[in-house]
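Protein sequences appear in the order of chains A and B.
Be aware that the first sequence starts at 1, since it is given in the working numbering, and climbs by one per residue.
Be aware that the second sequence starts at 330, since it is given in the working numbering, and climbs by one per residue.
Number of protein chains: 2
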Amino acid sequence: MNRPTLEAVAARAGVSKSSVSRVINGATTVAPSIREVVLRAVRELGYVPHAAARNLATRRTNAVALVVSDPPKGLVSDDPMFSAVVRQASRKLEAAGKQVVLMLAGSEDSRARVAQYVAAGHVDGVMLVSMHGADSLPATLARKGLPLVSLGRTNPAVPYVDNDNLGGADLAVRHLLRQGRRRVATITGPLDMIAAQERLTGYTTAMRETGHRSIVSLGDFTRVSGADAMRQLLQDDPGLDAVFAANDLMAIGALRTLRESGRRVPDDVAVIGFDDIEAALYTTPPLTTIHSPMTDWATATVDLLLGLFEGGPSDPVLLPADLVVRTSA
Amino acid sequence: MNRPTLEAVAARAGVSKSSVSRVINGATTVAPSIREVVLRAVRELGYVPHAAARNLATRRTNAVALVVSDPPKGLVSDDPMFSAVVRQASRKLEAAGKQVVLMLAGSEDSRARVAQYVAAGHVDGVMLVSMHGADSLPATLARKGLPLVSLGRTNPAVPYVDNDNLGGADLAVRHLLRQGRRRVATITGPLDMIAAQERLTGYTTAMRETGHRSIVSLGDFTRVSGADAMRQLLQDDPGLDAVFAANDLMAIGALRTLRESGRRVPDDVAVIGFDDIEAALYTTPPLTTIHSPMTDWATATVDLLLGLFEGGPSDPVLLPADLVVRTSA
DNA sequence: CTGGTTCGAGGGAGCGCTCCCTGACAGGGA
DNA sequence: TCCCTGTCAGGGAGCGCTCCCTCGAACCAG
Numbered sequence: 001m002n003r004p005t006l007e008a009v010a011a012r013a014g015v016s017k018s019s020v021s022r023v024i025n026g027a028t029t030v031a032p033s034i035r036e037v038v039l040r041a042v043r044e045l046g047y048v049p050h051a052a053a054r055n056l057a058t059r060r061t062n063a064v065a066l067v068v069s070d071p072p073k074g075l076v077s078d079d080p081m082f083s084a085v086v087r088q089a090s091r092k093l094e095a096a097g098k099q100v101v102l103m104l105a106g107s108e109d110s111r112a113r114v115a116q117y118v119a120a121g122h123v124d125g126v127m128l129v130s131m132h133g134a135d136s137l138p139a140t141l142a143r144k145g146l147p148l149v150s151l152g153r154t155n156p157a158v159p160y161v162d163n164d165n166l167g168g169a170d171l172a173v174r175h176l177l178r179q180g181r182r183r184v185a186t187i188t189g190p191l192d193m194i195a196a197q198e199r200l201t202g203y204t205t206a207m208r209e210t211g212h213r214s215i216v217s218l219g220d221f222t223r224v225s226g227a228d229a230m231r232q233l234l235q236d237d238p239g240l241d242a243v244f245a246a247n248d249l250m251a252i253g254a255l256r257t258l259r260e261s262g263r264r265v266p267d268d269v270a271v272i273g274f275d276d277i278e279a280a281l282y283t284t285p286p287l288t289t290i291h292s293p294m295t296d297w298a299t300a301t302v303d304l305l306l307g308l309f310e311g312g313p314s315d316p317v318l319l320p321a322d323l324v325v326r327t328s329a
Numbered sequence: 330m331n332r333p334t335l336e337a338v339a340a341r342a343g344v345s346k347s348s349v350s351r352v353i354n355g356a357t358t359v360a361p362s363i364r365e366v367v368l369r370a371v372r373e374l375g376y377v378p379h380a381a382a383r384n385l386a387t388r389r390t391n392a393v394a395l396v397v398s399d400p401p402k403g404l405v406s407d408d409p410m411f412s413a414v415v416r417q418a419s420r421k422l423e424a425a426g427k428q429v430v431l432m433l434a435g436s437e438d439s440r441a442r443v444a445q446y447v448a449a450g451h452v453d454g455v456m457l458v459s460m461h462g463a464d465s466l467p468a469t470l471a472r473k474g475l476p477l478v479s480l481g482r483t484n485p486a487v488p489y490v491d492n493d494n495l496g497g498a499d500l501a502v503r504h505l506l507r508q509g510r511r512r513v514a515t516i517t518g519p520l521d522m523i524a525a526q527e528r529l530t531g532y533t534t535a536m537r538e539t540g541h542r543s544i545v546s547l548g549d550f551t552r553v554s555g556a557d558a559m560r561q562l563l564q565d566d567p568g569l570d571a572v573f574a575a576n577d578l579m580a581i582g583a584l585r586t587l588r589e590s591g592r593r594v595p596d597d598v599a600v601i602g603f604d605d606i607e608a609a610l611y612t613t614p615p616l617t618t619i620h621s622p623m624t625d626w627a628t629a630t631v632d633l634l635l636g637l638f639e640g641g642p643s644d645p646v647l648l649p650a651d652l653v654v655r656t657s658a
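Structural data, given as structure tokens:
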């Protein structure tokens, strides 16, 4: 593994280390003749700058940590999001010349590892994805003093990009009411997540403003929890005629329960979800939902971070939500 | 960002840099009194070793690149795999004290970036995930001379862990025949992927051996392609009574087409998939499929890589496939 | 022709850490 | 008592790169 060094290139090209460094880093103050002989030497030796050495000298790494909350085992709710966000964010960051280091922060253990990693100077900045509200990691990382953004609001101190959860929930509720539904229930996400809180608030507010009674059942963003919550709701209030689930996975679970209980969707009970994941297209019937575009979301968050590197603003960004009407409501 | 250095810790503790280094790295030859005073200084200063400096000195990084093939836009077929594999592999590698650097290799551009990154000495080893057979990246990386494994067979030179695709396909076909099905078609994956090739070979071999005619339609591992291929098959051979899809997503697509065409599953046409992704549980009817356990797969691949670090064997590993009988066949 | 100026190449001091080597000291055997 | 061995702390030379500074050459104006 005898990798060639800058010095070896310099020797071969018959110039100084400094000149090679200048050519490598694209400095303008270098004569074309030297540039050429250096580039040839680089090619011949297959020279690639040693990252660690460069980092050590420049205090820059050109890398960004993408920290994803790793939900407890079994809670795979945000998996569809996970893929979409990671892919899109990676693509964008790499296009900007940043190395992406993906880290999963689940256990206390792995949180410590993430903090350690960031503290070790491995990265120039951090992008957080969908952490729970109560999480301590955002605050910990914020204290390190390097650029930090969050996809989804977590800690007030951390610049974020978020969906318009309130507006989306409002949209969903009013759509149901407009169709003449009168007993509209909701299935919430885990209430330690800000997105779940906001979607619930959006629901209750819209219900109150229109003079309706809230019917709430708790879920945790998983398919099963949606099915369970739906069962609960049917037991509590057999006459309900609509359900707003705080995400699509729970809506899918609810659909299943409704089918099992003999209810027709949307004839007897209308169902509306949130997120517009791909699976929402393939349910029976296809799911009406609130579209919150994951890729746009990831893009906006990356842009926020890249902006921070350039000394840009750290103001939060709010993405508009819109209703996608399919068959279920 | 005035991070404390080893030297600062040494000064505060009133010992030499060497002693601090020994304590940090857990060397045994250090007096308890010194160890204690050093640890206190570390705590007080919040010292964290600078990764780049350490890498430079040791030529080790404690990091591993997890390279995932990024399929062309729209082809999200292996997303369910993507999540499962990335999560499991990350967990395992982190548990082994390795930093995980996730990299998506889609465009020619990003492949070059991956090669560059590895060449820059950022990582101690590489784990490849589900690359197409024709890919040049495995060979390129193999040439760098550091430990390299592949989840799924790609290049002969790269140690790999793979499913028993042939055995799984054989299992599927014989299950269908055992049920009295006579006209068993298959929907293939993209044939530039070795997994797709092998599943097709398994099918044709089993069909030939049992004296049946192969009926083949081409898909590309996506849901839509499965639906399209199924439509094609029904047109070509309206009397077929069973379909083996080379993955679950295509099986789900096929299910949809069958429903639309008025066929009952499994009464008129039996359907069997491959992979056993989570969604296979939620189809109507639930999908019979070949279970190829993603998490086991990821685990085995990580183990292979970790073994390589310790000078272990580089022999390929083959994971057994088994049949999961649900309702669709 | 000379002094001043500009431009670009080379020299070398770090960046923070590891690890080999030296040397101090203690303890035991002769 | 002296010497030898073993143990453990400290010193310092790198690891490969960047970047500041120096210095020489070339060029122009006077």
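In this text, a Cβ means the ideal position worked out from N, Cα and C, and glycines have one as well.
Check                                                                                                                                                                                         : Outcome
Please state whether the Cβ-Cβ distance between Ile601 of chain B and Ser657 of chain B is less than 8 Å.                                                                                     : yes
At a Cβ threshold of 8 Å, is Glu260 of chain A touching chain B?                                                                                                                              : no
For Ile544 of chain B, report the span of its beta strand (DSSP E) as first-last.                                                                                                             : Ile544 to Leu547
Could you tell me the alpha carbon to alpha carbon distance between Thr295 of chain A and Pro313 of chain A, rounded to whole angstroms?                                                      : 22 Å
Listed from N- to C-terminal order along the chain, which residues in the region 79 to 97 of chain A have their beta-carbon within a distance smaller than 8 Å of any beta-carbon of chain B? : Asp79, Pro80, Phe82, Ser83, Val86, Arg87, Ser90, Arg91 and Glu94
Rounding to the nearest angstrom, what Cα-Cα distance links Tyr203 of chain A and Ala246 of chain A in this structure?                                                                        : 9 Å
Apply the 10 Å Cβ neighbour rule to Asp499 of chain B and answer buried if 16 or more other Cβ atoms are within range, or exposed otherwise.                                                  : buried
In angstroms with no decimal places, state the Cα-to-Cα distance between Ile215 of chain A and Thr186 of chain A.                                                                             : 6 Å
Report the neighbours of Gly449 of chain B on chain A: residues whose CB is nearer than 8 Å to its CB, in chain order.                                                                        : Reading off the sequence, residue 449 of chain B comes out as Ala, not Gly. By Cβ distance, chain A contributes Val48, Pro49, His50 and Ala51.
Please say whether Leu240 of chain A and Arg183 of chain A have beta carbons closer to each other than 8 Å?                                                                                   : yes
Below 8 Å between beta carbons is the criterion; list the residues of the region 595 to 629 of chain B that meet it against any residue of chain A, in chain order.                           : Glu607, Ala608, Tyr611 and Thr613
Taking the alpha-carbon positions, what's the Ser459 of chain B to Asp597 of chain B distance?                                                                                                : 35 Å
Is Gln179 of chain A helix, strand or coil by DSSP?                                                                                                                                           : coil
For Lys402 of chain B and Ala8 of chain A, I'd like the C-alpha separation in whole angstroms.                                                                                                : For Lys402 of chain B, the predicted model reports a pLDDT of 42, less than 50, meaning its position is unreliable; a value from the coordinates is still stated below. If I take the Cα positions, the gap works out to 42 Å.
In whole angstroms, what is the alpha-carbon distance linking Leu404 of chain B and Phe411 of chain B?                                                                                        : Unreliable placement is indicated for Leu404 of chain B, whose pLDDT of 38 sits below 50; no coordinate value is reported for it.
Closest by CA to Leu652 of chain B, which one among B:Arg592, B:Leu505 and B:Pro567?                                                                                                          : B:Leu505
Using a Cβ-Cβ cutoff of 7 Å, what residues of the region 521 to 547 of chain B are near chain A? List them in chain order.                                                                    : none
For Val198 of chain A, is the classification buried or exposed, using 16 other Cβ atoms within 10 angstroms of its Cβ as the cut-off for buried?                                              : For the record, residue 198 of chain A in the displayed sequence is Glu; it is not Val. Glu198 of chain A should be labelled buried.
Below 8 Å between beta carbons: does that hold for Ala31 of chain A and Val20 of chain A?                                                                                                     : no
Alpha carbons only, please: which of B:Lys427, B:Ser465 and B:Leu422 is nearest the one belonging to Glu437 of chain B?                                                                       : B:Ser465
Give the straight-line distance between the Cα atoms of Leu475 of chain B and Ala321 of chain A, rounded to the nearest whole angstrom.                                                       : 47 Å
Helix or strand or just coil, what does DSSP make of Met193 of chain A?                                                                                                                       : coil
Report buried or exposed for Gly591 of chain B, applying the criterion of at least 16 other Cβ atoms within 10 angstroms of its Cβ.                                                           : exposed
Of all the options A:His212, A:Leu128, A:Glu209 and A:Arg231, which has the alpha carbon lying nearest to the alpha carbon of Gly219 of chain A?                                              : A:Arg231
In angstroms with no decimal places, state the Cα-to-Cα distance between Val352 of chain B and Leu368 of chain B.                                                                             : 8 Å
Note down, in chain order, all residues in the region 437 to 448 of chain B with a beta-carbon under 8 Å from any beta-carbon belonging to chain A.                                           : Ser439, Arg442, Gln445, Tyr446 and Ala448
Please report the Cβ distance between Leu306 of chain A and Ala96 of chain A, rounded to the nearest whole angstrom; I am assuming they are in contact, meaning their Cβ atoms lie under 8 Å. : 6 Å
Checking 8 Å against the spacing of the C-beta atoms, do Gly582 of chain B and Ala599 of chain B come in under that value?                                                                    : no
Just the chain A side, please: which residues come within less than 9 Å of Leu431 of chain B by C-beta, in chain order?                                                                       : Leu66, Val86, Ser90, Val100, Val101, Leu102 and Met103
Taking a cut of 9 Å between CB atoms, which residues from the region 142 to 169 of chain A lie near chain B?                                                                                  : Lys144, Gly145 and Leu146
I believe Asp124 of chain A touches Val64 of chain A by the beta-carbon criterion, under 8 Å. Please report the beta-carbon distance rounded to the nearest angstrom.                         : 6 Å
Mind checking Thr29 of chain A: buried by the 16 CB within 10 Å criterion, or exposed?                                                                                                        : exposed
I want to see whether chain B comes within less than 8 Å of Ala8 of chain A, judged by CB atoms only; does it?                                                                                : no
For a cutoff of 8 Å on Cβ pairs, would you count Arg43 of chain A as touching chain B?                                                                                                        : no
Please tell me whether Arg263 of chain A has its Cβ less than 8 Å away from any Cβ of chain B.                                                                                                : no
Quick check on the burial criterion: 16 or more other C-beta atoms within 10 angstroms. Buried or exposed for Glu94 of chain A?                                                               : buried
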